[in-house]
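Chemist: Residue numbers (UniProt numbering): 1 to 186.
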């Protein structure tokens with residue numbers, strides 16, 4: 001079921017995102033389940049992920065719950081989940097820089113960059129606002145890369161602020177769209 005909502009298009013049967021086939025370790029039940037290369041979010045495969053940062057088998061019940069959270073969300077909320085994940089990974093990167101843990105800072109930053117890449121790749125360029133969003137995502141990506149190379153917290157904070165503003169704007173748009181459709185809670 002390929003479809004689109006606003007400037008975003010989904011190409012998976014479930015409407016979920018696999019961020020560059022790189023799993024995202026999830027501690028927040030509002031974020032999508034990690035998906036390893038060759039596995040879909042709904043496959044339920046117990047095959048270990050080739051990625052060493054994939055969650056351990058003990059995390060499966062939480063991952064199953066998180067997967068259901070994503071699968072039952074309306075499509076228009078998926079960007080909110082990704083914005084929240086990017087903010088979380090940027091925060092982790094900043095905290096790791098402050099602690100002097102360069103590798104953790106790098107890994108968290110790469111996860112945020114993966115989310116930016118996914119957001120850009122799902123834009124429906126037939127919709128005018130997508131061009132503006134793509135340019136904005138490109139700028140955020142630049143800030144993340146420079147912040148990662150230089151371990152510059154100010155650049156990461158700028159990227160985080162932009163994501164926070166986008167998240168808040170998107171949440172307001174979802175709220176307005178629901179109200180116009182007469183949907184109270186979804």
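Beta carbons are placed, not taken as given, at the ideal position from N, Cα and C, and that holds for glycine.
#1: So which of 110, 108, 137 has the shortest CA-CA distance to residue 122?
#2: Do the CB positions of residue 127 and residue 85 come within less than 8 Å of each other?
#3: What residue from 179, 173, 149, 143 has the CA that sits closest to residue 76's CA?
#4: Between residue 140 and residue 162, which are expected to be in contact by the criterion C-beta below 8 Å, what is the C-beta distance as a whole number of angstroms?
#5: Between the alpha carbons of residue 143 and residue 67, how many angstroms are there, rounded?
#6: Just to check my reading of the structure: residue 153 and residue 97 have Cβ atoms closer than 8 Å, yes? What is that Cβ distance to the nearest angstrom?
#7: Report buried or exposed for residue 165, applying the criterion of at least 16 other Cβ atoms within 10 angstroms of its Cβ.
Modeler: So, from the listed chains and residues:
#1: 137
#2: no
#3: 173
#4: 6 Å
#5: 30 Å
#6: 6 Å
#7: exposed
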